[in-house]
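Below is one structure, written out as C-alpha cells; the observations come after it.
Number of protein chains: 2
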Amino acid sequence: MPKDAQAPPRIQIGDPTPMVDCGRFAAKRTVGERVGVSAEIFTDGHDVVRAVVRVLEPGSSRWTESPMQRIDADAGGDRWAGEFEVTQLGRYTWTVEAWIEPFAGWRGELSRKIDAGQSDLSGELSEGEVLLERAAGRARGDDRKRIAAAVDVLRATGATAKLRHAAVLDPDLLEAVERHPDRSASTTIAQGLHVDADPVRARFGAWYELFPRSWGGLQGVRERVPELAELGFDVLYLPPVHPIGLTNRKGPNNALTAGPGDPGSPWAIGDATGGHTALHPDLGTMEDFDALVATAREHGIDIALDFAIQASADHPWLTEHPEWFNRRPDGTLKYAENPPKKYQDIYNFNWDCEDWKGLWEAMRDIVRHWASHGVTTFRVDNPHTKPVAFWEWLIGELRAEYPQVIFLAEAFTRAAMMRMLAKIGFNQSYTYFTWKSSKWELSDYLTELASSGMQEYYRPNFFVNTPDILTEELQVGGPPKFASRLVLAATLSPTYGVYSGFENFERLAVRQGSEEYDHSEKYEVKSRTLDGPLLTLISRLNTIRRDNAALQHLDNVRFLTTENDALIAYAKRTGDNTVICVVTLDPLTPQEGIVVVPHVLGLPPVFTVTDLLSGESFDDWRMGRNFVRLDPYRVAHLLRVS
Amino acid sequence: MPKDAQAPPRIQIGDPTPMVDCGRFAAKRTVGERVGVSAEIFTDGHDVVRAVVRVLEPGSSRWTESPMQRIDADAGGDRWAGEFEVTQLGRYTWTVEAWIEPFAGWRGELSRKIDAGQSDLSGELSEGEVLLERAAGRARGDDRKRIAAAVDVLRATGATAKLRHAAVLDPDLLEAVERHPDRSASTTIAQGLHVDADPVRARFGAWYELFPRSWGGLQGVRERVPELAELGFDVLYLPPVHPIGLTNRKGPNNALTAGPGDPGSPWAIGDATGGHTALHPDLGTMEDFDALVATAREHGIDIALDFAIQASADHPWLTEHPEWFNRRPDGTLKYAENPPKKYQDIYNFNWDCEDWKGLWEAMRDIVRHWASHGVTTFRVDNPHTKPVAFWEWLIGELRAEYPQVIFLAEAFTRAAMMRMLAKIGFNQSYTYFTWKSSKWELSDYLTELASSGMQEYYRPNFFVNTPDILTEELQVGGPPKFASRLVLAATLSPTYGVYSGFENFERLAVRQGSEEYDHSEKYEVKSRTLDGPLLTLISRLNTIRRDNAALQHLDNVRFLTTENDALIAYAKRTGDNTVICVVTLDPLTPQEGIVVVPHVLGLPPVFTVTDLLSGESFDDWRMGRNFVRLDPYRVAHLLRVS
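In C-alpha cells:
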C-alpha cells in the first residue's frame, strides 16, 4: 500500500523515445535540430489527458515545457509526441509530465449528452460549476475573469438551459481553463532522459586524410588548405604527428628491419625528444602547427588529430613511467601482439596497473594539450582495445572543458563493442562500409544504421579507403569503381572520408589477398600533390551535399526497387528537399533498370528531376516505374526533385 | 574519475533478455519451465570472458548459478545464453556476472604461437607460471594439486620445452583452473531482473463459462462437474454469484424496467442481504459453494469467479460507505455511464476519494474471502476502468498469501492499457481474437502476441464467444464457422474458452449489427443442459491439446504459406512434438490449397503425418508444397508429424 495520503497517479507513461539502453546513455543530436520525442500515455477510465515535454538546457536549473499531442488516435494508439530544439552544445535532460483535465472531460461528456437529446442536465451543470470554480481559483488575470463569468451564467437564476450550455461549451472557456491546470496529481517519467547536442560537424562533413610528411610537413600542408577548402572538405585528418621510435622501427612494406633512411610508422609514437604531446621535428614546430590550425579555421576546416594510445620502445614514458606498461614476471617489457601477429615497434599500456588513475589522467592531458592548440577533432586509434569506462570518463572530461570537441572511434571489431563506444560518447564511428559491396549488403547495413535504433547514437563516417584498407573491390574495379564507391559514401552517409591517393585511383596491393597498399605510406615518405583526376567528382559531390539538406542526414534514407541487382537506388528527403540517388555497383558494364518511386515519398504523380551531377533535367519522372541506364562513364544519377 | 582503488570492471554486459520495460516488470513463466536468458557480454582487447547466470529463488537469500555460453560467435556476435528452471511458485530474481579468465587467454595465445612455429617461449611460460601460482592459491583439493603439479613441471630445471608446453596445454588443467576463477574484478548487471513463476494453468487450459442460475444453482453445477472434466475442461468460470440489486433492475434484452419475475443482471451486485462476499440465495449456500469447489478440485477443475468492482443501488456499501462512491455536488449518487450510454443499475466507485486506502483494502478483502474458499482464479471485469496502481498492489497482496492464484483481465480497450495490465501482474488477458477473422488479421495478431516481446508477459485467453460477444461471423457463418473458430482458438492459444450455448450453435443476435445475444442470459434464467452437438469436437480438441505439448505454448507458432487466403496454416513445435494445423476460414465452400513446409521446421524431406481429428495418416508429406482440401464437413487438419 502506497504510503502517501493521496492515491497514486492514475496516468501511465511508458516507452519514451528517443531512449538509448533504458536511458543509461544519451541520444545524439546537433545544435539547431528539433528533437522529436514521444511516449505512450494513458489512464484508466475515460478521463481526458494532457501532456507536456519538459526540458532542462545544459547548465540550467530551470525547466521549460511545451505541449504534446496524441498522434495515433485514429489507429487506436496512445502515443503522444512533442519536440524541443537544441540550441547550444552540451547535455539536455528531458522528461514527460501528464495530468488529467477534468473540465475537458466533463465538457466532452456534456456535449455528447446534449447531442443525444438528453434534457435534464442540471446535475451535470452543478458538477461543471464546481470544476469551473476550482479553475477560477487557479487562474489569473483575464482567464480568471473569463471563467468567473461562466460560473455567473450557471448561477444566474433566470438563465435558460440553452444559455448555460452555450456558456460552458464555449471553446475560449476551455482554453482559459486549460491554461491553468491542476497538476498536483500528475505523472512524470521518474528518470530524466538525455540528449547530447553536438556541433553540426559531428553529423555532417567531408574528411580528407593525409600524411603531412608526404606534403612538405606542416607548412606544406598549410599551403594546401585553401585548395582543400575549395574542394569542399570540412575536416583535414592527420595521422600521428609525433616523434617516431628508432628501436625496432619498421621498414618499407612493414619489413622487420628499417634501413637508415626509413622514416618508420607514425603510430610507433615517441623517441628521446618526446611523446604524444611533441611534434616530429621533420614536420615543423609548434608555431607551424598553430599556424596550420589557424589557416584551416579561416577556411572553415577542422584539423583532426590521431590519438593512438601506444608507445615506441623509445617513448619517454617507458623510463618515466615503467609502471604503466605490460611486463613479464622477469621485468622485461612486452611489445604489442595479437598472436601469432607481432607489433615489435610498439608497446601497450597496462590498464590494470596500480597507477591506473595516473595513466588515465596522463591520457586526458594529451587530448587536453592538443585541444588547447585548437584541435577540435580526434580520430581515436583502436579504442576497442582500451577500457570502455576510460573512454566514457575521458570524453566527459574533455567535453566539460571543450564542448565542441568531436571524437571519432576507429574501432574495426565486433558490432557490440562498436555500438558501445558510440553509446558512451564517441561522436562518430568508423563502419563496415568498405566491405559492403552488394546491393543487399549495402541496403541491410544502411537500414540497420538508419532505423534499428542505432540512428539515435551511432554516427557513421564512411571512409572509402584508409591507409589500412584498400579493398579488393577497388584493387580490381578500376576508376569507375572508385567513382561508384565515392558516390555511395558521399550520399549514403552525412559524413564521409577519403584517404589521399584515392583521387589518383591508387590500387596496387602489397600482395594478392591483402588490403595493404604496396609501399604503403605508413612506412615511407611519398611526394604528394593535390591533382588527382577524381577531385573533380569529389568537389562536385561536396557542393551537392552542401546544397541539399537531404544528404546531410542518415535516418531519412529509403531504398527503392530497381529490378536489377547491379543498380542500387535510394531516396532521401529532408523538408522540401528530395534527392533520388541511383548508383551502379557494376560500373564496368552498362546496366539498365527501373527505379520504382513509391507513394510514401509523397511526390506528385509526375514530376521533374534534375541530375545534380550532369545538370540534365527529366520532366517525365513519375510515381511508379522509371527507366534508368548507367555505364562506366556515368556511374550515378543524383536526381533532385523540383 | 571513479573513486575506487581498483580500475572499473572491463567487461560490459548489456541488453539482457527476457526484460520487460527495462526491468520494471517481471517476465512470466510457469513452474517446471526452463527460462532461457541471454545478454550481450564483451570486453576490450582480446581477453577471454566467462559468464554465469545467477538466480535467487522466491523467498531465498542464497544465489545459485550456472554457466553461460557465447552463442553467436560464428556470426561475429557477443550474445551469451544460459538458463535456469523455475521449480516453485513466486518471483525469481536473476542477473548475469562475467569475468576475465587470464589463464585461458594466456593458454590460447601460447597455443597459437606454438602452432605458428615460434620457438623461444620462455618469457610466456614465466607468465603462465604466475597465473598458475595464483590459481593454485585459490583452488582446493585435487584441483590445487593438479595445478601445483603443472607449476612443478614449469620449474623443473631438466624439463624440455615440449614437456612444459604439454603440461600447461592439458585440457584438464584448464578445467581445474577455471573451477576457481578470480572474480574480484567481475561485472554484474546492476539491476536484478525478475521472472514470475505461475501455475501451469496460467499458461495452458480450457475454460467453460456458465451462469449457475441456468443450471440449477450451485448444486446443479456441481452435478455437471464430472461431465465437464470428461470433456477436457480445466477451468469452470462463473459470472458473479452475488445478490442482485432490485432498484433499476434491467429486464430482458437490457430493458430499462424489469418485470416482477425478472432476475436482473448478475453484474448489478448487492442487495439488502449482502454484497461481493455474499451468495445469491437462489444459487445456494456457502456450503454448496464449498462443495462445488471441492468436487471441481477432485476432477482437476479450477473454479474461476468473476470480480466486478461495481455496486447496485441496493449494495450495503452505499449506506455503509457512501464516501467510496461518485456523487454530484448536491450529494446525489451518480450511476455509471459512458455518455451517451447509461448503466442505471450500477454505481462506480470513486478511486480519488479521501478514503481510497479503505476502498483498496475492502477490495483486497473480497478477493481474499473467495481465495480462502478455494477459488484459485479470478476473471476481473473491466480492470481498465480502475487505477493500474491499485491492481498492481492487489495482485501483489494476494500472490503473497496465495501464490497459486490466477487473475484474468477482461479488458477490451486500447492496446497500451491491455499490455500494461498484463505487465503489472494479470496472469492472463482477454484479446481481440473474436474480431480477427481474415488470414492476415489472424497471422498479424498472433505474430504480435507470440514474438513482439508481448510473449514475455501477456498470456492470451482466446474466448470464442462471451455473454457480451456474439460476433457477426458466428451469426451468419452457421455451424461450420463455429467449428472453424473453435479449432483456431484451441490450437492458436494455449488457453481458450467457450461460453455455454456455443456448443449448441446459438447465434441469434438481439438485432442486426449488435453482438448481443437475443434474450441474453445476462438478463434471463435459461434451462441449460450439457448436450450440444459441438461437444464432440470440443472434447476431441481438449484431448489433442493435452497430448501435444506443441499446442500448450504460444511463442512456437510459425505461419505457413497456403496459396489460398481462405486457408490458414501454422506449425507449432515443442521438443519432438510438431503439429501442423490447417484451418478453413470459409467453411461454407470447399477450399483447396498448398501448405508450404519450410526447411526451418527441421523436418525430413518426406515424412508421415497423422490427422489428430480424423485419425488418417498421410505418408507423403514433404518439405515444400503439400496439397490440402477442406470443406464444411472437415474444417481443419491437425497433422502431427510422426
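These protein sequences, in sequence, are chains S and R.
Numbered as in our numbering, the first sequence ends at 642 without a single skipped number.
Numbered as in our numbering, the second sequence ends at 1284 without a single skipped number.
No residue lacks a Cβ here, since even glycine has one placed at the ideal position from N, Cα and C.
- A buried status is given to residue 419 of chain S, since no fewer than 16 other beta-carbon atoms sit within 10 Å of its beta-carbon.
- Residues of chain S with a Cβ closer than 7 Å to the Cβ of residue 999 of chain R are, in chain order, 1.
- With a cutoff of 8 Å on beta-carbon distance, residue 471 of chain S and residue 515 of chain S are scored as near each other.
- Separation of the CB atoms of residue 1104 of chain R and residue 1079 of chain R is rounded to 13 Å, and the pair is thereby denied contact status at 8 Å.
- Contact between residue 1151 of chain R and residue 1223 of chain R does not hold, since their C-beta atoms are separated by about 29 Å, which reaches or exceeds 8 Å.
- One finds 970, 971, 972 in chain R with Cβ atoms closer than 7 Å to the Cβ of residue 126 of chain S, taken in chain order.
- At a cut-off of 8 Å, the C-beta of residue 776 of chain R has no neighbouring C-beta in chain S.
- The C-beta distance from residue 315 of chain S to residue 245 of chain S rounds to 7 Å, short enough to meet the 8 Å contact threshold.
- At a cut-off of 8 Å between beta carbons, residue 298 of chain S makes no contact with chain R.
- Excluding five sequence positions before and after residue 375 of chain S, the CB atoms of its chain that fall closer than 6 Å to its own CB belong to 303, 305, given in chain order.
- Counting only unbroken stretches of 4 or more residues, the alpha helix (DSSP H) elements lying wholly within the segment 1030 to 1062 of chain R are 1030 to 1043, in sequence order.
- The segment 1063 to 1081 of chain R makes contact with the segment 1035 to 1045 of chain R; the number of CB pairs closer than 8 Å reaches 3 or more.
- For residue 574 of chain S, the uninterrupted beta strand (DSSP E) segment begins and ends at 567 to 574.
- Here residue 1242 of chain R carries a helix assignment [DSSP, helix/strand/coil].
- As summarised for the segment 797 to 846 of chain R, the continuous beta strand (DSSP E) elements at least 3 residues long and confined to that stretch are 835 to 840, given in chain order.
- Using a Cβ-Cβ distance cut-off of 8 Å, the segment 250 to 262 of chain S and the segment 288 to 295 of chain S are not in contact, since fewer than three pairs of beta carbons, one from each stretch, lie closer than that value.
- For the segment 43 to 54 of chain S, the set of positions with a beta-carbon nearer than 7 Å to some beta-carbon of chain R reads 44, 45, 46 in chain order.
- The Cβ-Cβ distance between residue 51 of chain S and residue 98 of chain S falls below 8 Å.
- For residue 1100 of chain R, no beta strand (DSSP E) segment is defined, and its DSSP state is neither H nor E.
- At a cut-off of 8 Å between beta-carbon atoms, residue 338 of chain S makes contact with chain R.
- Classified as buried, residue 1028 of chain R has 16 or more neighbouring CB atoms from the shown chains inside 10 Å of its CB.
- In the structure shown, residue 381 of chain S adopts extended strand secondary structure according to DSSP, grouped into three states.
- Given a length threshold of 3 residues, each whole run of the beta strand (DSSP E) inside the segment 283 to 311 of chain S is given here in chain order: 302 to 307.
- Assignment of beta-bridge partners to residue 1173 of chain R by DSSP yields no partner.
- Neighbours of residue 682 of chain R in chain S, taken as residues at a C-beta separation under 7 Å, are given in chain order as 416.
- For residue 751 of chain R, the residues of chain S that pass the 7 Å Cβ criterion are 339, in the order they occur in the chain.
- With respect to chain S, the C-beta atom of residue 993 of chain R has a partner C-beta closer than 8 Å.
- By the rule that beta-carbons nearer than 8 Å mark a contact, residue 69 of chain S does not touch chain R.
- A Cβ-Cβ contact shorter than 8 Å links residue 1088 of chain R with residue 1199 of chain R.
- For residue 893 of chain R, the secondary structure class from DSSP, reduced to helix, strand or coil, is strand.
- At a cut-off of 8 Å between beta carbons, residue 345 of chain S makes no contact with chain R.
- The beta carbon of residue 302 of chain S sits no closer than 8 Å to any beta carbon of chain R.
- Annotation: residue 891 of chain R to residue 169 of chain S spans about 34 Å, alpha carbon to alpha carbon.
- Residue 10 of chain S and residue 43 of chain S do touch by the CB rule: their CB atoms are close to 5 Å apart, below 8 Å.
- For the pair residue 198 of chain S and residue 346 of chain S, the CB atoms are not nearer than the 8 Å cut-off.
- The C-beta distance from residue 1007 of chain R to residue 949 of chain R rounds to 12 Å, too long to meet the 8 Å contact threshold.
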